[in-house]
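In UniProt numbering, the protein residues as written are 1 to 341.
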């Protein structure tokens, strides 16, 4: 996108078979199914942490963008493309597969960046790939695969990926009130035993905002991803963890969150979705435990977490959590499975 051109490329809607949903049997196409769940651009644009970080990265580091060819993967409303155009990019190619593609064209026209067309990329390579690909739990919706596909196909040697680092963290919280309302509720529903539903509810992580006062342990890094170098398979992993209690309390759930970094900037920029940081639309991902753990300050929860994309629907995430506590009041070792759908 120069100051008079925007290219709309939809070839990446078929970015390998890694992003399809082959088992969808209704009349919805796999691309429609894949992108329908995150066409919530109002919430994303109003996420000041998210949007202002990208704006600052682009405007405060114009050397990364000016006179460069930029590819915006998953452009949505086109806001990142507009930032790049305003920062002096030679061309910006905006890739969008959801129903927002037509609206993005209108937004671009309304802001004076005209000459929009749907094309195959007319250039064999781009200098910069920018994307807001992160989903809940970092990986939900599998937009990362599209970014890696674009990187492998179009990015020049030595090119820039924005953001280039993403890290997933784990901590533990006290959450008796909400667990009672969300999970234990099924034990007796108007006097009827519906505990079979409780088992299903336990497997569904809750995306919600955690009060920092609920945090009982320290946080541990599970995985750091280098988007400029990683392969698609690196998004599936098993990582050990050791959480140390900061006070005497109960633990009802483990909580995952992620940080994102733009390390190519003059000054390191990024943001955290952790409970101690300013709230974002990603919130945190809460995984309730079958057991209530009674823990004392200094005691440790050890275990491992395995993460992989679902084989039937690649936008979904399967998690296996193994944890142990050998404490003064609780001695437990258990494995639980979770599914983000």
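Every residue, glycine too, gets a C-beta built ideally from N, C-alpha and C. On a predicted model such as this, the values are computed, not experimentally measured, just so you know.
With 16 other Cβ atoms within 10 Å as the buried cut-off, status of residue i
i	result
residue 35	Per-residue confidence for residue 35 stands at a pLDDT of 46, beneath the threshold of 50, marking its modelled position as unreliable; the derived number appears in the next sentence. Buried.
residue 191	exposed
residue 274	buried
residue 223	buried
residue 338	buried
residue 151	buried
residue 63	exposed
residue 189	exposed
residue 205	buried
residue 175	buried
residue 240	exposed
residue 225	buried
residue 136	buried
residue 61	buried
residue 293	buried
residue 118	Confidence at residue 118 is low in this model, with a pLDDT of 46, below 50, so the placement of that residue is unreliable and no value is reported for it.
residue 196	exposed
residue 323	buried
residue 319	buried
residue 25	Low confidence applies here, because residue 25 scores a pLDDT of 35, under 50, leaving its location unreliable and the question unanswered by this model.
residue 333	exposed
residue 147	buried
residue 344	This structure cannot speak to residue 344, because the chain is shown only from 1 to 341.
Nearest neighbour of residue i, chosen from the options [CA to CA]
i	options	result
residue 217	206, 244 and 53	244
residue 328	249, 285 and 311	249
residue 278	265, 296, 257 and 124	257
residue 55	76, 153 and 86	86
residue 144	325, 219 and 233	233
residue 400	166, 321, 230 and 262	Any question about residue 400 goes unanswered here, given that the chain covers just 1 to 341.
residue 124	229, 153, 169 and 285	153
residue 213	173, 236 and 194	173
residue 296	46, 326, 148 and 133	326
residue 96	88, 89 and 78	78
residue 75	92, 284 and 334	92
residue 237	146, 168 and 57	168
residue 231	240, 149, 334 and 294	149
residue 202	340, 241 and 42	340
residue 43	283, 221 and 336	283
residue 307	165, 46, 336 and 298	336
residue 170	67, 48 and 259	259
residue 263	83, 199, 162 and 247	162
residue 164	94, 132 and 122	132
residue 208	247, 319, 194 and 281	281
residue 90	67, 83 and 80	67
residue 285	246, 80 and 211	211
Residue-level contact to chain C via CB, residue i, 8 Å cutoff
i	result
residue 142	Absent here is chain C; the protein component of the structure consists of one chain.
Bridge-paired residues (DSSP) for residue i
i	result
residue 58	Looking at the DSSP assignment, residue 58 forms no beta bridge with any residue, so it has no partner.
residue 240	304
residue 91	69
residue 123	In DSSP, residue 123 forms no bridge with anything.
residue 128	70 and 160
residue 339	318
residue 135	138
residue 333	324
* Asked: Does the pairing of the segment 172-182 with the segment 277-296 give three or more beta-carbon distances under 8 Å?
  -> yes
* Counting Cβ pairs closer than 8 Å, one from the segment 128-142 and one from the segment 53-71, do we hit at least three? -> yes
* Is it a yes or a no for the segment 148-160 touching the segment 297-304, going by three-plus beta-carbon pairs under 8 Å? -> no
* To do: Spell out a yes or no on whether the segment 304-314 and the segment 266-281 are touching, meaning 3 or more CB-CB pairs, one atom from each, closer than 8 Å.
  => no
* Asked: Would you say the segment 130-142 touches the segment 315-322, given that touching needs at least three Cβ pairs under 8 Å?
  -> yes
* Please go through the segment 270-329 and give each complete beta strand (DSSP E) segment of 3 or more residues, from N-terminal end onward. => 284-295, 300-309 and 317-326
* Mind listing, in chain order, the continuous alpha helix (DSSP H) runs of no fewer than 4 residues lying wholly within the segment 144-197? => 144-154 and 176-182
* **Contained beta strand (DSSP E) runs [length at least 3] in the segment 204-269, N- to C-terminal order** => 206-208, 220-226, 237-244 and 249-262
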